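The next block holds one structure in the form of structure tokens; read it before the comments.
In this note's numbering, the protein residues as written are 921 to 1041.
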């Protein structure tokens, strides 16, 4: 799965005419960490899926569409179910990340309110 997604990410990058260094810089990664994403050696692409979709101007489903087709074409039993499971896992991971961001936002609001109260006294 990582190899297929990595290949798609690489294809989108090349389609834009960008270097690995350029995309790595946008993602705040080292070039070698980004290269591992493209080669399928790393799963960290899932942490950067929003930004990848933004910079390549694609939808998350675009990263998975070929995967389903490839597995169907290879007559692998359960290929679609496997991909749906992966999509569900990614969805859960994104939800966790959003929940963490919301918690951080709430904490920041609380701190700012406390600071405001101290200043108004």
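C-beta atoms are modelled at their ideal positions from N, C-alpha and C, and glycine is treated no differently. Computed from a prediction, not measured in an experiment: that's the story for all the values here.
Between residue 976 and residue 932 a beta carbon distance of about 4 Å is seen, short of the 8 Å cut, so the two are scored as contacting.
For the pair of segments examined, the region 978-987 was found not to touch the region 937-951: the number of CB pairs separated by less than 8 Å stays below three. When the five nearest sequence neighbours on each side are left out, the beta carbons in the same chain lying within less than 7 Å of the beta carbon of residue 959 are those of 926, in order along the chain. Between residue 964 and residue 955, the gap from beta carbon to beta carbon reaches 8 Å or more.
The residue among 1010, 948, 945 with its C-alpha nearest the C-alpha of residue 969 is 1010. Residue 1020 counts as exposed, since fewer than 16 other C-beta atoms from the protein chains shown sit within 10 angstroms of its C-beta. Relative to residue 928, the option among 983, 1026, 972 whose CA is nearest is 983. In the DSSP assignment, residue 952 falls within the unbroken alpha helix (DSSP H) covering 951-959.
In this structure, residue 971 lies near residue 946, with their beta-carbon atoms less than 8 Å apart. Residue 937 carries a coil assignment under DSSP once its states are collapsed to helix, strand and coil. In this structure, 966 is the residue among 1034, 1041, 1035, 966 with its C-alpha nearest to the C-alpha of residue 1016.
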